[in-house]
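In terms of the UniProt record's numbering, the sequence shown has 68 at position 68, counting the first letter as 1, and numbering is strictly consecutive.
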Amino acid sequence: MDAKRNTKWLLVAASLLWGVLAVTSALPAMFVPMMFDSAEAFTNVPWVLMAVCIGSFPLVCIGTVIASWWAFARDKIRTARTLTLLPVFNLVVGGAATVWTELARDF
């Protein structure tokens, strides 16, 4: 029962964090189409990857909150804890694409 209580508090904290980040990242996500004003932008792989990560981040955050609480309600504690890390993957991939874009610009 202690693991379930700890997971509940983890989900409360993660829900607050991902909820706030979903709201604050909605504005940059709305500007993603402007990243493709240039015709060459579609051929730049890290640019497209970064745009996908920025555009999908609010949806991933909202989906994570819903899915983790859904798993918790069905007593799948480990799944609920794992699902809370889903937006971190989005941040890592987007960060790697940003670094890739900066490194590719130097060459």
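By construction, the Cβ of each residue, glycine as well, lies at the ideal position given by its N, Cα and C atoms.
Subject >> Nearest neighbour of lysine 4, chosen from Ala104, Thr98 and Ile77 [CA to CA] >> reply: Against the sequence shown, residue 4 aligns to sequence position 4. Here the closest residue by C-alpha is Ile77.
Original post:
Is it the case that the Cβ atoms of proline 87 and cysteine 53 are separated by a distance below 8 Å?
Top reply: The residue labelled residue 87 in the question sits at position 87 within the sequence shown. The residue labelled residue 53 in the question sits at position 53 within the sequence shown. Not a contact, by the Cβ cut-off of 8 Å.
Subject >> Residue closest to leucine 85, alpha-carbon to alpha-carbon, out of Ser68, Val45 and Pro33 >> reply: On the sequence shown, position 85 is the one that residue 85 refers to. When each option's Cα is compared against that of leucine 85, the closest is Ser68.
Original post:
Which class does serine 38 belong to by DSSP, given the choice of helix, strand or coil?
Top reply: Mapped onto the sequence shown, residue 38 falls at position 38. Note: serine 38 maps to coil in three-state DSSP.
Subject >> Sequence-distant residues of its chain with Cβ nearer than 6 Å to alanine 14 (five each side left out) >> reply: Counting from 1 along the sequence shown, the entry for residue 14 is found at position 14. Correct list, in chain order: Thr84.
Original post:
Less than 8 Å separating the beta-carbons of serine 56 and asparagine 90?
Top reply: Taking the sequence shown and counting its residues from 1, one reaches residue 56 at position 56. Taking the sequence shown and counting its residues from 1, one reaches residue 90 at position 90. Cβ distance < 8 Å, so serine 56 and asparagine 90 count as in contact.
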